[in-house]
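Colleague:
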Amino acid sequence: MTRRDSALAALVALIWGLNFLVIDAGMDGVPPLLFLAVRFVVVLVPAVLLLPRPDVPWRTLVAVGTLMSLGQFGFLYVALAAGLPPGLAALVLQAQVVFTIVIAAVALRERPRPAQVVGVAVAVVGLVVVALGRGGAVPLVALLLCLLGALSWGAGNVVSRAAGVPGGLALTVWSALVVPLPALALSLLVDGPDAVVAGLAAFGWQAALATLYTAGLASLVGYGIFNTLLARNRAADVVPWILLVPVVAMTAAAVAGRVPTTGEAVGGAVMVLGALVSLRAPRGVRTPAGPTPCSDRPAGPARPARPRPVAR
Numbered sequence: 006m007t008r009r010d011s012a013l014a015a016l017v018a019l020i021w022g023l024n025f026l027v028i029d030a031g032m033d034g035v036p037p038l039l040f041l042a043v044r045f046v047v048v049l050v051p052a053v054l055l056l057p058r059p060d061v062p063w064r065t066l067v068a069v070g071t072l073m074s075l076g077q078f079g080f081l082y083v084a085l086a087a088g089l090p091p092g093l094a095a096l097v098l099q100a101q102v103v104f105t106i107v108i109a110a111v112a113l114r115e116r117p118r119p120a121q122v123v124g125v126a127v128a129v130v131g132l133v134v135v136a137l138g139r140g141g142a143v144p145l146v147a148l149l150l151c152l153l154g155a156l157s158w159g160a161g162n163v164v165s166r167a168a169g170v171p172g173g174l175a176l177t178v179w180s181a182l183v184v185p186l187p188a189l190a191l192s193l194l195v196d197g198p199d200a201v202v203a204g205l206a207a208f209g210w211q212a213a214l215a216t217l218y219t220a221g222l223a224s225l226v227g228y229g230i231f232n233t234l235l236a237r238n239r240a241a242d243v244v245p246w247i248l249l250v251p252v253v254a255m256t257a258a259a260v261a262g263r264v265p266t267t268g269e270a271v272g273g274a275v276m277v278l279g280a281l282v283s284l285r286a287p288r289g290v291r292t293p294a295g296p297t298p299c300s301d302r303p304a305g306p307a308r309p310a311r312p313r314p315v316a317r
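So this note's numbering is basically just the index in the sequence shown, starting at one, shifted up by 5.
#1: In the DSSP assignment, the alpha helix (DSSP H) including Val260 goes from what residue to what residue?
#2: Given a threshold of 16 other Cβ atoms within 10 Å of its Cβ, counted over all protein chains shown, does Asp199 qualify as buried or as exposed?
#3: Would Val178 pass as a contact of Ala52 if the rule is Cβ separation under 8 Å?
#4: Is it the case that the segment 248–268 contacts the segment 12–19, given that we only count it when at least three CB pairs across the two stretches are under 8 Å?
#5: Report yes if the C-beta distance between Val277 and Leu38 is below 8 Å; otherwise report no.
#6: Are three or more beta carbon pairs between the segment 180–187 and the segment 119–131 nearer than 8 Å?
#7: Can you name, in chain order, every residue of its own chain whose Cβ lies under 7 Å from the Cβ of Ala207, other than the five neighbours on each side?
#8: Suppose you measure from the CA of Asp10 to the CA of Gly22; what does that come to, to the nearest Å?
#9: By how many angstroms is the C-alpha of Leu156 removed from the C-alpha of Ala84?
#10: Taking a contact to mean a Cβ-Cβ separation below 8 Å, would you say Gly229 touches Leu176 in this structure?
#11: Quick one: measure Cβ to Cβ for Leu75 and Ala188, integer angstroms, because I've assumed they're closer than 8 Å.
#12: When DSSP labels each residue in this structure, what does Gly305 get in the three-state scheme?
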């Protein structure tokens, strides 16, 4: 990678890392699923009118959107609202690497490489350390909700891989069609109409700016830059940069006064190490710059499913 591309990759990691704190701040007084619905409305309009629909069946687009957008972010937002610190959420969400490899092995019968097996084992150890070392203020249910978000993300990766779904910004935008109405309906069901009305009334400048950041910078700008980098560099050169996302999130959270416990920090570091080992390309094999986990690629059983980078 050139210095310019390395700087752009670092910028994406910065945008996505800060995104966790922005989401947490934006939900102040706003129900999480309502905030999610508003975010994806902004992702949709007007981008859905400008980008062509990915050349995939609607059922596949709905499945990917349900798992990777509604499921992943729905569980994440509720976990944050339930008390999971943003920095810890960024770390726990990296469990999607583990879930992607395991689900692909079961559903697609894709045999994981030895490095992936080792990486999964290391990441699981890290998750256990996080669970046991979490601070008393972190509810177990919030941690489990975030893990469900990672599971949904991993399942979406496998569905996308099995169907040969073209990735990129167009997929991000068009899969967002699945989110707003179901998220609003769930918010009405879980929080109640009164809470939704109160949340809309409380949707002030802080929530509006947070929505613009998460939709505009994190989803559209972040993925636009990321897929540009993948188009002209090897995935093996680009993806490790995205593992800086939880580092950025944890650092920003610490600066904001939300310092993780020793167990959370150590467990998170071990989990990220496991993810990095899992993403490592086999020795002597060059990862092409074209087909990647987030760009256009043909379907086929030859390649094992590769986990996608951190949440956008």
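Cβ atoms here follow ideal geometry from the backbone N, Cα and C, with glycine treated the same way.
Modeller: On the basis of the supplied data:
#1: 250–260
#2: So Asp199 ends up on the exposed side.
#3: yes
#4: Judged by Cβ distances under 8 Å, the segment 12–19 makes contact with the segment 248–268, as three or more pairs qualify.
#5: Not a contact, by the Cβ cut-off of 8 Å.
#6: no
#7: Taken in chain order, the residues that qualify are Gly34, Val35.
#8: 18 Å
#9: 14 Å
#10: no
#11: 6 Å
#12: Model confidence at Gly305 stands at a pLDDT of 38, short of 50, so the residue's coordinates are unreliable; what they give is reported in the following sentence. Residue state for Gly305 is assigned as coil, using DSSP reduced to three classes.
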